[in-house]
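Engineer: Here it is, the structure, as structure tokens.
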Amino acid sequence: MRHRPLLLLTTALTAGALTLSACGSRDDDKGGDNGDTGGKKTTVVIGLDAPLTGDLSALGQGIKNSAHLAVTNANKSNEVPGVTFELSALDDQAQPTSGQQNATKLAGDKKVVGIVGPLNSSVAQSMQQVAQSNTVALISPANTTPDLTQGKDWKQDRRKRQFSTYFRTATTDEVQGAFGGKYAHDQIKAKTAYVIDDQKTYGVGLAAAFSTQFTSLGGKIAGTEHVNPEDRDFKAIVSKAKSSGADLVFYGGEYPAAAPLSQQLKESGVKAPLMGGDGMYSADYIKLNKKSAGDYATSVGKPVEQLDSAKKFIDDYKAAGYKDRYEAYGGSTYDATWAIIQAVKAIVADNGGKLPDGARAKVVEALNKVKFDGVTGTVSFDKYGDTTNTMITAYQVDGNVWKARHSAEFKR
Amino acid sequence: MHELPQQLANGLILGAMYGLIAIGYTMVYGIVQLINFAHGEIFMVGGFGALTVHLALPDGTALLLALPLMILGGIAAAVAIAVAAERFAYRPLRGAPRLAPLITAIGLSIALQQAVWKWYPDAKKARVFPQFKGESLKILGATVQRGEVFLLIAAPLCMLALGLFVARTRTGRGMQATAQDPDTAKLMGINTDRIIVIAFAIGATFAAVAAVAAVAAVAAVAHGLKYGQVDFRMGFITGLKAFTAAVLGGIGNIYGAMLGGVVLGVAEALATGYIEEIPGMSQFGGGSWKDVWAFVLLILVLLLRPQGLLGERVADRA
Chain A
1 MRHRPLLLLT TALTAGALTL SACGSRDDDK GGDNGDTGGK KTTVVIGLDA PLTGDLSALG
61 QGIKNSAHLA VTNANKSNEV PGVTFELSAL DDQAQPTSGQ QNATKLAGDK KVVGIVGPLN
121 SSVAQSMQQV AQSNTVALIS PANTTPDLTQ GKDWKQDRRK RQFSTYFRTA TTDEVQGAFG
181 GKYAHDQIKA KTAYVIDDQK TYGVGLAAAF STQFTSLGGK IAGTEHVNPE DRDFKAIVSK
241 AKSSGADLVF YGGEYPAAAP LSQQLKESGV KAPLMGGDGM YSADYIKLNK KSAGDYATSV
301 GKPVEQLDSA KKFIDDYKAA GYKDRYEAYG GSTYDATWAI IQAVKAIVAD NGGKLPDGAR
361 AKVVEALNKV KFDGVTGTVS FDKYGDTTNT MITAYQVDGN VWKARHSAEF KR
Chain B
1001 MHELPQQLAN GLILGAMYGL IAIGYTMVYG IVQLINFAHG EIFMVGGFGA LTVHLALPDG
1061 TALLLALPLM ILGGIAAAVA IAVAAERFAY RPLRGAPRLA PLITAIGLSI ALQQAVWKWY
1121 PDAKKARVFP QFKGESLKIL GATVQRGEVF LLIAAPLCML ALGLFVARTR TGRGMQATAQ
1181 DPDTAKLMGI NTDRIIVIAF AIGATFAAVA AVAAVAAVAA VAHGLKYGQV DFRMGFITGL
1241 KAFTAAVLGG IGNIYGAMLG GVVLGVAEAL ATGYIEEIPG MSQFGGGSWK DVWAFVLLIL
1301 VLLLRPQGLL GERVADRA
């Protein structure tokens, strides 16, 4: 045993990998079993995939509850006569591998007519192909990476629909990042920005879209950095951002890392605010960060609290007594779920009041034509499967809450 | 090399925390040759123990007053879990092939994470940990956050206390005796002595496990004060880094563990700050490469000094 330390190291790394991969998915979901009471009614299942555990679970639980609410409301109001909806929620822990397993599992259930989810763009990449080969609709309330719908050449404007079964009710990072870049330049009046991303699909895409717009308006990028999403110590990077003297620090990533990053920036004497996207727009960001005052985040849609169409959703959500808040994607999840319900309604109506054979493929077709007034506004999908609603809002932390500062539609 | 004092301070502070946890890996390994992978989770449980005390205290209690109680609460939780783990998970496996307790430790690590995830209120996401109010301090040209001062005081104190405990007390000498080959003692042929050796082994392991759990709890309080949050996964990455620090410093040596931690922390900070300023290396710098450089350093040290920085060349066991 001469090389004991090396042996130890190998053991450590193997064990580390083991521990990571051993975190299998699990779910203690009890939502969505409304029971098939009539006997004559057909039961269809709407699948759901989101991070219900782990550090993004605040967002994931909001997604699950909002989908559950849509299903409950549809059953209560008998939205589709003769059809009872059920929700089957699976946990992906924000891991692409778990997401793919969940997609396979849901696609294997013949009663599943469509899947709502996932939260993370990186997880979506692993689920799209499974959904496509099983012709089951996948509607994400939160994916914002443009490549998912328009292909990797969207930057050169060679856009091409990637998957006929994939849709989303959240607009893209191209729109969100560009809105952020414009807002930073025009309203925050930042001249230089230090740009950090977390190396995940979402974070990199958002940071790139921000930088492109910000520089095209005349802003300068003072430096770029990358972090690991699991890191909580950013001191070394903070020191670099500080010496760059940037007016604004932009972070492409999510709130569990963004909160300590912002706090460490301010503790080291950086006056510039931190700005991020919808992954940062969470009440937990403020809870975990004592120095969040003045930070900015953009998020898709108008704040649901300001929309007349969302009043019923908020009231219903409160009345249902869910333990967790609906968070950033509650409204868009309700709309995504409702879109599947509307698609089922259309195909049942076309088939004389009964669920037709091959319902999955027909749901996908019907989704392309679906149009209704949802929580976040008018819900419909364009030729890529993207939402036609490109409303974005900038928020700022003020008095320990996110205050909406500016909403606008963004045209490419 | 702008911001050099700051980057050195960043590394030193981070390294001090790695070192405090690394002591746990190094001492337990020294005595029973067990890589206790659950030690990162003992650290995590200590953090939640301290948080529980904080939540139980009336609102508005000054943090400086609450801190001793929180440390005690953290130590109580960590020691209880560590001692129970030693008694029910590791002791039945004494004498089993080395791989068995190692796998048990990995299993225990996952079990502890999931137990906190499941049963601690609201622990499915990060929980807020109290922090000192007020501006950061300026020390020798570096900005140091108030919570980090606690770490800078606690780390050397804990290390010295443990060092004296091992060198001066009866139990500590028992640990050293056990760390040397107990089988040889048995071969000397005195049965009564054998019983004493076994008793020593059990008592010393017990004391070591409890002592390092207490230190891990102190580290967890420092972690909470520094980052303002504790979560059920915080022990995993930190534990891996601390284990690396223990190997780097020479596994089995308490002072080596602290030195290894500080070297690792400083290496990470300098790699993040300056690698990309070396001409032609801009692709390999920054936060995304810091772990790579930390491990390059580890491999270099182990190639030149296989026993680690302060490790002693021990006689090979058969």
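Protein chains in written order, with our numbering: chain A, 1 to 412; chain B, 1001 to 1318.
Here a beta-carbon is modelled for each residue, glycine too, at the ideal position from N, C-alpha and C.
Determine whether the beta carbon atoms of R232(A) and Y1227(B) lie at a separation below 9 Å.
Structural biologist: Yes, the pair counts as a contact, with Cβ atoms nearer than the cut-off.
Engineer: To the nearest angstrom, report how far apart L1240(B) and T192(A) are at their CA atoms.
Structural biologist: Computed Cα separation, rounded: 37 Å.
Engineer: Taking DSSP's pairing of strands, which residues face A1142(B) in a bridge?
Structural biologist: I1139(B).
Engineer: Between the alpha carbons of F1243(B) and Y384(A), how many angstroms are there, rounded?
Structural biologist: Those two C-alpha atoms are separated by around 49 Å.
Engineer: Using 8 Å for Cβ pairs, my map puts G1260(B) next to G1249(B). What's the rounded Cβ distance?
Structural biologist: 3 Å between Cβ atoms; contact.
Engineer: Check whether the Cβ atoms of Y329(A) and A124(A) lie closer than 9 Å to each other.
Structural biologist: Not in contact: Y329(A) and A124(A) (Cβ atoms no closer than 9 Å).
Engineer: Can you say whether N389(A) is buried or exposed, counting buried as having 16 or more other CB atoms within 10 angstroms of its CB?
Structural biologist: Buried: at least 16 other Cβ atoms inside 10 Å.
Engineer: Three-state secondary structure (DSSP) at E305(A)?
Structural biologist: DSSP places E305(A) in helix when its eight states are reduced to three.
Engineer: Identify which residue in L138(A), Q93(A) and D91(A) has its Cα closest to the Cα of V363(A).
Structural biologist: Of the candidates L138(A), Q93(A) and D91(A), the one whose C-alpha sits nearest the C-alpha of V363(A) is L138(A).
Engineer: Unbroken alpha helix (DSSP H) runs of length 4 or more, entirely within the segment 1218-1267 of chain B: which are they?
Structural biologist: Within the segment 1218-1267 of chain B, the complete alpha helix (DSSP H) runs of at least 4 residues are 1234-1249.
Engineer: What residues from the segment 197-221 of chain A come within 7 Å of chain B, judged by C-beta to C-beta, listed N to C?
Structural biologist: Cβ contacts with chain B: Q199.
Engineer: Y1090(B) CB to nearest chain A CB: under 9 Å?
Structural biologist: By this cut-off, Y1090(B) is not an interface position.
Engineer: Check whether chain B comes within 9 Å of T97(A), counting only Cβ atoms and requiring the distance to be less than that.
Structural biologist: No - not a single Cβ of chain B is within 9 Å of the one on T97(A).
Engineer: Excluding five sequence neighbours on each side, which residues of the same chain lie with their C-beta closer than 6 Å to the C-beta of P1343(B)?
Structural biologist: Lying before the first or after the last residue shown, residue 1343(B) is absent from chain B, which here runs from 1001 to 1318.
Engineer: Within its chain, find whatever has a CB closer than 7 Å to the CB of T135(A); leave out the 5 residues flanking it on each side and keep chain order.
Structural biologist: Around T135(A): T165, R360, A361 and V364.
Engineer: If you drop the 5 nearest sequence neighbours on each side, which residues of the same chain put their C-beta closer than 8 Å to that of I196(A)?
Structural biologist: Cβ neighbours of I196(A) beyond the five flanking positions: A207, T224, E225, H226, V227, I237, A241, V249, F250, Y251, G252, G253 and L261.
Engineer: I'd like to confirm the pairing. Which residues does DSSP put opposite H406(A) in its beta bridges?
Structural biologist: Paired residue(s): A394(A).
Engineer: Which residues mark the beginning and the end of the beta strand (DSSP E) in which T224(A) is found?
Structural biologist: Counting along the chain, the beta strand (DSSP E) containing T224(A) begins and ends at K220 to H226.
Engineer: Pick helix, strand or coil for G269(A), following the three-state DSSP scheme.
Structural biologist: In the structure shown, G269(A) sits in coil (DSSP, three-state: anything other than H, G, I, E or B).
Engineer: Per DSSP, which one or two residues make a beta bridge with D49(A)?
Structural biologist: DSSP, once it has assigned bridges, lists L90(A) as partnering D49(A).
Engineer: Between the Cα of N455(A) and those of R159(A), D173(A), Q162(A) and R161(A), spot the shortest distance and give me the residue it belongs to.
Structural biologist: Not covered by the structure: residue 455(A). The range shown for chain A is 1 to 412.
Engineer: Could you tell me which whole alpha helix (DSSP H) segments of length 4 or greater appear in the segment 163-205 of chain A?
Structural biologist: Entirely contained in the segment 163-205 of chain A, the alpha helix (DSSP H) runs reaching 4 residues are, in chain order, 173-186.
Engineer: Considering only C-alpha positions, which residue in the set S1136(B), L1140(B) and A1207(B) is nearest to T1171(B)?
Structural biologist: Looking at the Cα atoms, A1207(B) is the closest of the given residues.
Engineer: Helix or strand or just coil, what does DSSP make of D373(A)?
Structural biologist: Reduced to three states, the DSSP call for D373(A) is strand.
Engineer: Thinking C-alpha only, which one of D247(A), Q176(A), F313(A) and K371(A) is nearest Q213(A)?
Structural biologist: Closest by alpha carbon: Q176(A).
Engineer: Would L1160(B) be called buried (16 or more neighbouring beta carbons within 10 Å of its own) or exposed?
Structural biologist: The residue in question, L1160(B), is exposed, as its Cβ has fewer than 16 Cβ neighbours within 10 Å.
Engineer: Grab me the residues of A1009(B)'s own chain with a C-beta within less than 7 Å of its C-beta, minus the 5 sequence neighbours each way, in chain order.
Structural biologist: Same-chain partners within the cutoff: A1142 and V1144.
Engineer: Can you say whether G24(A) is buried or exposed, counting buried as having 16 or more other CB atoms within 10 angstroms of its CB?
Structural biologist: For G24(A), the pLDDT reaches just 37, beneath the cut-off of 50, and the residue's location in the model is therefore unreliable, although a value from the coordinates is still provided. Exposed, because fewer than 16 other Cβ atoms sit within 10 Å of the Cβ of G24(A).
Engineer: Suppose the cutoff is 8 Å on Cβ atoms and the five residues either side in sequence are ignored; what does the same chain contact list for A997(B) look like?
Structural biologist: As displayed, chain B neither begins before 1001 nor continues past 1318, which places residue 997(B) out of reach and without an answer.
Engineer: Within 10 angstroms of the Cβ of Q128(A), are there 16 or more other Cβ atoms? Answer buried if so, exposed if not.
Structural biologist: Looking at its Cβ environment, which holds 16 or more other Cβ atoms inside 10 Å, Q128(A) is buried.
Engineer: Between the segment 182-194 of chain A and chain B, which residues of the former have a C-beta closer than 7 Å to a C-beta of the latter?
Structural biologist: So the list is empty, because no residue satisfies the distance condition.
Engineer: Give a yes or no on whether the minimum CB-CB distance between Q1007(B) and chain A is below 9 Å.
Structural biologist: Cβ-Cβ to chain A under 9 Å: yes for Q1007(B).
Engineer: Taking C-beta to C-beta, are E344(A) and V80(A) nearer than 9 Å?
Structural biologist: A small fix is needed here, since residue 344(A) is Val in this sequence, not Glu. It is a contact, given that the beta carbons lie within the stated cut-off.
Engineer: Does the contact criterion of 3 or more C-beta pairs under 8 Å hold for the segment 390-405 of chain A versus the segment 316-335 of chain A?
Structural biologist: Segments in contact, no.
Engineer: DSSP three-state label for I1275(B), please.
Structural biologist: DSSP places I1275(B) in helix when its eight states are reduced to three.
Engineer: Please tell me whether P141(A) has its Cβ less than 9 Å away from any Cβ of chain B.
Structural biologist: Closer than 9 Å: no.
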